[in-house]
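Below is one structure, written out as structure tokens; comments come after it.
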Amino acid sequence: MKKPIEFAVVKKLEGTLGRAGVIRTPHGDIETPAFIAVGTKASVRGLTTDMLLELGAPAVLANTYHLYMQPGEARVRAMGGLHKMMGWTGPTFTDSGGFQVFSLGAGYGSNVSKIIKDAPVVPLLRQKEDEAEDRQPKLVEIDYDGAAFKSPHDGSIHYITPERSMEIQHTIAADIIFAFDECTSPSEPRSYQREALDRTHRWGKRSLEYHRSKPISEVQALFGVVQGGRFEDLRKESAEVIGAMDFDGFGIGGSFAKEDMSTAVKWVNEILPEGKPRHLLGIGEPEDLFMGVENGCDTFDCVAPTRLGRHGTIYTRDGKIHIGNAQFQDDMSVLDPGCGCYACRKGYTRAYIGHLYKSREMVGPMLCSIHNLYFIINLVKEIRASIIDGTFMSLKKAFLERYLASVANADAVPR
RNA sequence: GCGCCGAUCGGAUAGCGGCUAUUCCAGGAGACUGUAAAUCUCCGGCCCACUGGGCAUCGGGGGUUCGAGUCCCUCUCGGCGCA
99 MKKPIEFAVV KKLEGTLGRA GVIRTPHGDI ETPAFIAVGT KASVRGLTTD MLLELGAPAV
159 LANTYHLYMQ PGEARVRAMG GLHKMMGWTG PTFTDSGGFQ VFSLGAGYGS NVSKIIKDAP
219 VVPLLRQKED EAEDRQPKLV EIDYDGAAFK SPHDGSIHYI TPERSMEIQH TIAADIIFAF
279 DECTSPSEPR SYQREALDRT HRWGKRSLEY HRSKPISEVQ ALFGVVQGGR FEDLRKESAE
339 VIGAMDFDGF GIGGSFAKED MSTAVKWVNE ILPEGKPRHL LGIGEPEDLF MGVENGCDTF
399 DCVAPTRLGR HGTIYTRDGK IHIGNAQFQD DMSVLDPGCG CYACRKGYTR AYIGHLYKSR
459 EMVGPMLCSI HNLYFIINLV KEIRASIIDG TFMSLKKAFL ERYLASVANA DAVPR
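Using my numbering, the first residue of the first sequence is number 99, and each one after it goes up by one.
Encoded structure:
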């Protein structure tokens, strides 16, 4: 049977789980480690595919749930699938909708998101669904077979099972698709994490069986998703169970406190088969990318570059800045001196881009998104190169010292 | 000169005798990690023993009232009308 993708390790990062490699897909190679741009609704917000090409995006990740809701499977099919509809000829991924089980479920209306600031306060018993008075009602109900989503568009109910998620992802036709999983909230107690993990494993198996029963599995790769929250035994068990299944690669999912992330990733990647690619779902701050690579992850995706860019936060080698802040009004330097992105090469000043942002001109968020995406994608490319030429540790030290210095200083200065 | 109308935060507004003066914009700051997000939160008169509390404040002055941005008188300024 023909394999949809091939993965080869080019060089290992000695003494760690890290490696540089390449994933060959029907739409081209992805040199790993790589940062995948998020294009949820078949669009990387604010950017055309030519811009993505220009800034060097290795691949795009779209979303099953969102495309299913809008414009719907039938129209995606009628437009010729993801690549054709968005005019992107490079590699693509789709997330299964598993994240929406969390973001529209337990995460909905709460202040709990993908990464939480403090270690979770886990209740002894799971609180009743309707416990929070001023919470908006959730849009998701989870059961044994799948999850029922209430459409925010018209209130209609849509029941997604592993098989349905596969079916929709087959229609969308990305190169790499993910098994349907349940991303849990870190505030759930261990008993619930246990229960949800069994569900994710069951759903993973069903996703795989359904996928393998279709000829399309020869051209579309399926990645299984590992969960388990912050618990070592659950994470390891999940890596064993999912890792033993015949997936083409793996995704590492979950929502957790930042300090739990590196341990979780390490536990998992020590177990997952070395010869298959590993994607760290939804992670992408610079410090997290170094951590993820060092701990054996090959690909990453994250909304941060585009969302932060749209909202006026800019990545620079010296830390993040808010471009709309008064201090940049007369700043004639580029966003990040030395940066090779379109906006910086073109010489657009901080003063100008801050003005665009504040006056709500569309090119402001667009230029910021280009810059941020370039910054992160290029950082991961630098990381890859450093693995190959053996300078990873010095790059990591030099980059993080400079990048985090401003943050440290800001924290150290009393207000 | 007479009459009518108006004056509330930088701008625009709500308020029609009741305790905490509303909202929007502009301004300042922050948040954001498999996109409910071109979004959201906070600040925005003064003072303090700042997890809270105190004192102000609706063009100026005076009055009525337990209580006034709100009612009355007067002045100032602006708009309109009549001489």
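Beta carbons: idealized from backbone N, C-alpha and C, even for Gly.
If you draw a straight line from the Cα of PHE473 to the Cα of TYR163, it comes to about 28 Å. For LYS334, the closest of PRO375, ILE214, TRP365 and HIS268 by C-alpha to C-alpha distance is TRP365.
Nearest in C-alpha terms to GLY394, of all of PRO102, THR114, LYS101 and PHE200, is THR114. Spatial neighbours of GLY390 in its own chain (CB-CB distance under 7 Å, excluding positions within 5 residues in sequence) are listed in chain order as VAL363, LEU378, ILE381 and PHE398.
If only uninterrupted alpha helix (DSSP H) runs of at least 4 residues are considered, those enclosed by the segment 309-352 are 330-342.
LYS100 and PRO124 have their C-alpha atoms spaced approximately 12 Å apart.
The beta carbon of SER336 is closer than 8 Å to those of LEU295, THR298, HIS299, VAL324, GLN325, GLY326 and VAL366 in its chain, skipping five residues each way along the sequence. If you check the CB distance, PHE133 and LEU498 do not come in under 9 Å.
The DSSP assignment places 260-270 as complete runs of the alpha helix (DSSP H) inside the segment 254-305, in order along the chain (cut-off: 4 residues). The continuous alpha helix (DSSP H) containing ARG448 extends over residues 448-456. Its Cα nearest to that of ALA277, the residue HIS309 stands out among GLU330, ALA246 and HIS309.
Spanning the alpha carbons of GLY452 and LYS110 requires a straight line of approximately 42 Å. If you draw a straight line from the Cα of GLY347 to the Cα of ARG482, it comes to about 19 Å.
Pairing HIS409 with VAL158, the inter-Cα distance amounts to about 21 Å. Around the CB of TYR242, fewer than 16 other CB atoms lie within 10 Å, so the residue is classed as exposed. DSSP places ASP127 inside the beta strand (DSSP E), whose first and last residues are 126-130. At the C-beta level, ILE274 and PRO189 come within 9 Å of one another. DSSP, reduced to helix, strand and coil, places ILE134 within a strand of the structure shown.
Boundaries of the alpha helix (DSSP H) harbouring PHE388: 384-392, taken from the DSSP string. Spanning the alpha carbons of ILE214 and GLY195 requires a straight line of approximately 21 Å.
Judged by their CB atoms, THR147 and TRP186 are nearer to each other than the 9 Å cut-off. Shown here for PHE388: same chain residues with a beta carbon closer than 6 Å to its own, the five before and five after excluded, namely LYS494 in chain order.
Annotation: TYR455 to LYS212 spans about 26 Å, alpha carbon to alpha carbon. Judged by DSSP in its simplified three-state form, GLU459 adopts coil rather than helix or strand.
The Cβ atoms of PHE105 and GLY373 sit closer than 9 Å to each other.
Shown here for ALA449: same chain residues with a beta carbon closer than 8 Å to its own, the five before and five after excluded, namely PHE426, GLN427, ASP428, ASP429 and MET430 in chain order.
Look at ASN161 here: in three-state DSSP terms it is strand.
With fewer than 16 other Cβ atoms inside 10 Å of its own Cβ, GLU330 counts as exposed.
Secondary structure at ASP399: strand, using DSSP grouped into helix, strand and coil. Contact check for VAL174 and MET183: beta-carbon distance about 6 Å, within the 8 Å limit, so the pair qualifies.
A straight line joining the alpha-carbon of LEU180 with that of ALA140 spans about 7 Å. Residue environment analysis places ALA319 among the buried positions, since at least 16 neighbouring C-beta atoms fall within 10 angstroms of its C-beta.
No Cβ-Cβ contact shorter than 9 Å links ILE475 with ALA118. It is roughly 9 Å from the alpha-carbon of ILE266 to the alpha-carbon of LEU165. With a cutoff of 9 Å on beta-carbon distance, LYS312 and MET264 are scored as near each other.
Judged by DSSP in its simplified three-state form, ALA355 adopts strand.
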